[in-house]
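For the record, the sequence lines run as chains A and E. Our numbering puts the first sequence at residues -16 to 641. Our numbering puts the second sequence at residues 119 to 332. Glycine included, each C-beta is placed from N, C-alpha and C at the ideal position. Predicted model only: the values in this text are computed from it and were never measured. Below is one structure, written out as structure tokens; the observations come after it.
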Amino acid sequence: MASSNGNFPDVRSLRSVKSSQTLKVANQGLKLGSKGAASPTLSVNLGNTIGDTSLLPTGNDDSQYEDNSGGSLPRILSIGNLSVMDNSLRSLSSAKRYGTASNSISREITRDTATSGPAPIIQNDADVYGTNTPLNTTPFDRNTDVGGAPENLIDMLAESIYSYAPSMINGKSAGAKRPYVSNEIPNVFSVTERDVIDQDSNSALNKQDKNFLIISYAGKPIYAMHGRDEQVVSFSGIINTIVSYFQVNNEDSIKTITSTNTGQKFAFLNKDPIILMAYSTRGETTSELLDQLDFLYSYLLSSVTERQLHKLFSRRSNFDLRTFLEHTDFENLNDLCLQITNRLYPDLLLNALQSNPLRKSVRAKIHDAILNQLSGDSDLIPRGTLLYGLLLSTRQSKLTAVVRPRGHTLHTTDLQLLFCLVRRHMESGSASKEFWIPVCFPKFNSTGFLYAYIRFLSPEDKSAMVLISAQKDAFFKLKLFGDRLWERLVSDKLTTYIVPRGGGSARCGFRVRDIPAPLVHHFVYKSRRFVQYVMPEVDYNVSGNNPFLDESESSGDPEGVVEYQRKLQSYYQQLHDSVVYDDGDPINKSMLSFVKWSCHGASVEVVGLAWVTPQFELYLLCNDGVRGKEVALRSARRVVSWCRKHEARLFIHDGAVF
Amino acid sequence: MLQFKLVLLGDSSVGKSSIVHRFVKDTFDELRESTIGAAFLSQTIKVESEDQQEVVIKFEIWDTAGQERYKSLAPMYYRNANAALVVYDVTQEDSLNKAKAWVEELKNKVGDEDLVIFLVGNKVDLCEGSDNEDKRAVAATLAKQYAEDQGLMFDEVSAKTGHGVKEVFQAIGQRLYDTKKEELATRQRGNGNDGQVDINVPRPSTNDTTGCCS
């Protein structure tokens, strides 16, 4: 085992990770019973609370969420300090996680220096974030470094980097001054070949920094993100041996193998008769990898159903599932793997859906229209025909409206799968068609199919209506209902909100610049209550010249957009990791964690912040040049108060309940 | 306007969706995803009546997935069909056998005597020219003979070049019009609607056998 390509670590490290307990499915996804090395009490020992800092904002609206978060001030739990030498390095965290530092938890990065470049320098926390160091003593090497400046100065500086430019809409100058935030956020991550799924060439599998394999219990390959059959077959034998070994010798299944000196991680998901394995050097937590594997497994179920799967394998344990799956399934799996690995896709990380911001009254009108149509058409679609209905935009997988029976909601994973399915159909350029698709929602009922009526509302804006029924011949009923509902929405003049025209007044998304929080590059805000998140539209600035480029307009440079999204995703993934244990359990109910990435060789630093409370989770990235955590915190407070103020607009509360 | 229901059946990847796409959009997409479940779309054509007048026909088309595992859904799509396009791939011999199986199933399960079945060999562009003749796996004469024996309409088309696609639908439309016009005339006298069927009046249910075209 240990000799196979050198990919597998020695027995010692193998033993250290074998402990695992039962999987508990909770709101936060998979929970593993076993804790990491750090004990939860660490958080209590940390004295570096925000209350101690002299820069605590004292505005009235700042106090409200402190009260809500259990009356206690958030604590700075960890100040991650990640150093990378240059872009040729691979993922960031072969870090020793959560060492027992006295005053803060610092992450030290150890890495192989096989690639050229200077040895990594591990910075000391105290240099940068010493407790209440007078910040004006910190050397400023750029005008954007506004460490300890008074707030009005920060705003002034912020304006100066916002660089007011005349807004250009449709080529005409609108005259108004609109600030924009530079999207030039440095990349401290390695640049590997992106967006390529390599299933044909003979190139070594271990060159990939991430891979997913699905095999059957009998060792037959089912799917591999990278790698040809011949390569995968040899691995499947090893995987099978490892998984079986732990099953025979322990009551539990093996979860991960981690090689601490190379940063390689293998995660296993044992779903008899199928085994899924993820390989990564990107430093994800175990629970993240297991969530990703569960997502892929859920896709398989959505296509095949669990009952069918067990039936196929019970007949012949060496059944080749690939003969049963279709070309589309493999395409979809490829798409999901790309989505997970190379896109800005916080959905899985946060286990939440992205909602489409809409004025509260507008959303209420849409929901009313749906309910009225439903009750008016009760002769057409008798109760029980419609299980669930959605209006969604697949451009960034955003949910606009929901109609559901009282007491029932669909599981987030099921909806994520549905979004992917709709997006795939949309991309295949079949916007003029209506679809009737059998789909299994594994978290709802993994044994049978439901039927989804999918109708595209606007090919340009990728909006769709989805109506779900348990009856396989309900297509025409749902179609007629969909026709009438759309007519009603048109006559109520609500369609502009559901099908927003780019750049129009009814634009649904928001930009970072819409929020009075200076120096914020991008953020993700999740409402725990609604299990939804919002984030600003991704402003990708292709040439650095046109700040008003939409994501859609910038399609001339998709690679750049992908690269940018991938970069954001890496930052968010590490921010998220800074507030959870390896098993996905939160380190503390409420906590605040700063992470600072720096890249040697270039004078580049990125400061990020993760703020978790029982009400919300905020992950925020500051602009290039921001060095001080106080600036980050102040902006974070403003983002949070903005999100709370607009909660009714940002999130779907109940939906149309019938 | 007359409405007819049309269903496409056949083995997977013989080009059903491409034929529909050529008919509706007059374009061809080389890398088409396979259909999941079924797609529903509509397109109108014009046919000539006996007195040289144009009659508009609207096809409601079910483009079904050819994959075996969706087979159990098929009856829902062909149950009320007026016409069925059974497609095979002229370069894949087995696809004709699948097509024959579909024809059998249609004859057994669909009660409508007037159901128009059109056997279509797709992808003739692949075996055009003297170099590519060996790619053909199903001889046109063979399929034609089978079609004649079974009383089917038959043609070979190419969704890629567009060769023959429009003509297939045109022929189906004409045939349906010819067989239904008497029935139609009775209906028109009944509701005095001078040739126009009001499509805005929702039909009570599509499974209803008393619809205009059953």
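Integer Cβ distance of residue 127 (chain E) from residue 196 (chain E), believed to fall under 8 Å: 7 Å
Run of the alpha helix (DSSP H) containing residue 610 (chain A), from where it starts to where it stops: For residue 610 (chain A), no alpha helix (DSSP H) encloses it, and the DSSP letter there is neither H nor E.
Beta-carbon proximity of residue 612 (chain A) to residue 590 (chain A), cut-off 9 Å: yes
Minimum C-alpha distance to residue 131 (chain E) - residue among E:124, E:150 and E:120: E:150
Chain E within 9 Å of residue 621 (chain A), Cβ atoms only: no
7 Å Cβ cut-off: residues of chain A touching residue 285 (chain E): The contacting residues do not exist; residue 285 (chain E) stays about 22 Å from chain A at best.
Residue-chain proximity (residue 131 (chain E), chain A), Cβ-Cβ < 9 Å: With 9 Å as the cut-off, residue 131 (chain E) counts as an interface residue toward chain A.
Neighbourhood of residue 197 (chain A) by C-beta distance below 6 Å, restricted to the same chain and skipping five residues each side: 205, 206 and 259
Residue 208 (chain E) vs residue 254 (chain E) beta-carbon contact at 9 Å: yes
Short Cβ contact (9 Å threshold) for residue 269 (chain A) with residue 250 (chain A): Cβ atoms of residue 269 (chain A) and residue 250 (chain A): closer than 9 Å.
Closest residue to residue 235 (chain A) among A:245, A:253 and A:244 (Cα-Cα distance): A:253
Residue 151 (chain E) at chain A interface by Cβ criterion, 9 Å: yes
Contact list for the segment 306 to 321 of chain A against chain E, Cβ threshold 8 Å: 307, 309, 310, 311 and 314
Range of the contiguous alpha helix (DSSP H) that encloses residue 368 (chain A): Note, residue 368 (chain A): premise wrong, no alpha helix (DSSP H); not H, not E.
Own chain, CB closer than 8 Å to residue 389 (chain A), minus 5 neighbours either side, in chain order: 640 and 641
Where residue 360 (chain A) meets chain E, residues with beta-carbon distance less than 7 Å: The contacting residues do not exist; residue 360 (chain A) stays about 10 Å from chain E at best.
C-beta contact flag for residue 167 (chain E) and residue 295 (chain E) at 9 Å: In contact: residue 167 (chain E) and residue 295 (chain E) (Cβ atoms closer than 9 Å).
Cross-chain neighbours of residue 185 (chain E) in chain A, by beta carbon under 7 Å: 309
Short-range partners of chain A found in the segment 265 to 294 of chain E, where Cβ spacing is below 8 Å: none
Best match in A:515, A:451 and A:421 for proximity to residue 339 (chain A) [C-alpha to C-alpha]: A:515
Residues from the segment 244 to 256 of chain E in contact with chain A, defined by Cβ distance under 7 Å: none
Closer than 9 Å to chain A by CB, residue 296 (chain E): no
Test: residue 445 (chain A) CB closer than 9 Å to a CB of chain E: no
Reduced DSSP secondary structure (H/G/I, E/B, other) of residue 326 (chain A): coil
Counted within 10 angstroms of its Cβ, other Cβ atoms place residue 276 (chain A) as buried (16 or more) or exposed: buried
Expected contact under 8 Å - CB spacing of residue 426 (chain A) and residue 396 (chain A) to nearest Å: 5 Å
At least 3 beta-carbon pairs within less than 8 Å: the segment 379 to 388 of chain A vs the segment 352 to 368 of chain A: yes
Proximal residues of chain A, C-beta to C-beta of residue 119 (chain E) below 7 Å: The premise fails here: residue 119 (chain E) is roughly 17 Å from chain A at the closest Cβ pair, so nothing lies under 7 Å.
Rounded C-alpha distance that separates residue 284 (chain E) from residue 293 (chain E): 14 Å
CB contact below 9 Å: residue 188 (chain E) versus chain A: yes
Range covered by the beta strand (DSSP E) that runs through residue 273 (chain A): No beta strand (DSSP E) holds residue 273 (chain A); the alpha helix (DSSP H) holding it covers 269 to 287.
Proximity of residue 230 (chain E) and residue 265 (chain E) at Cβ, strictly below 9 Å: no
Extent of the continuous alpha helix (DSSP H) run through residue 154 (chain E): Taken as a continuous stretch (DSSP letters only), residue 154 (chain E) belongs to no alpha helix (DSSP H), as it is neither H nor E.
Neighbourhood of residue 458 (chain A) by C-beta, 8 Å cutoff - its chain only, sequence neighbours within 5 removed: 419, 434 and 436
Burial state of residue 234 (chain E), where buried means 16 or more other Cβ atoms lie within 10 Å: buried
Beta carbon proximity, residue 458 (chain A) to chain E, threshold 9 Å: yes
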